[in-house]
Amino acid sequence: MAEVLTAEAVRDKLAALADWTGDPAGISRTVQLNSFPEAIAVVDRVAEVAEERDHHPDIDIRWRTVTFRCTTHSAGGVTERDIDLARRIDEIVRSAR
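Numbering (this note's numbering), first residue to last: 340 to 436.
Have a look at this one:
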């Protein structure tokens, strides 16, 4: 099982991830897209990546605003898997804009 990152490690990792916040319990990022269809397209792409990795973020969709929350439930907090998924989510969001 993956190890939960310490508070210091999470802070260090988040420093390299623009717009992400959190603590050892979970990390999150909220993005606003240009339209509802664009928001859904981003969520679809994130879903494909999540399925490939067998690691799924919590996703909240409010019209053009999407919030992603990553935590490794089986480990009880944030692991490297969440940081890697956050990086990939950032790439997907950048490509949509």
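Using N, Cα and C, we set each Cβ at its ideal position, and we do this for glycine too.
| Query | Result |
| --- | --- |
| Distance between beta carbons of residue 382 and residue 366, contact taken as under 8 Å | That pair is no contact at about 17 Å. |
| Separation of residue 371 from residue 378, as counted between CA atoms | 8 Å |
| Beta-carbon proximity check, residue 296 vs residue 405, cutoff 8 Å | Nothing can be reported for residue 296, as the shown portion of the chain is limited to 340 through 436. |
| Closest Cα partner of residue 364 within the set 375, 374 and 348 | 348 |
| Sequence-distant residues of the same chain with beta carbon closer than 8 Å to residue 411, five excluded per side | 341, 343, 394, 417, 418, 420 and 421 |
| Under the three-state DSSP convention, the category residue 434 falls into | helix |
| Runs of alpha helix (DSSP H) lying entirely within the segment 362-393, each at least 4 residues, in chain order | 375-392 |
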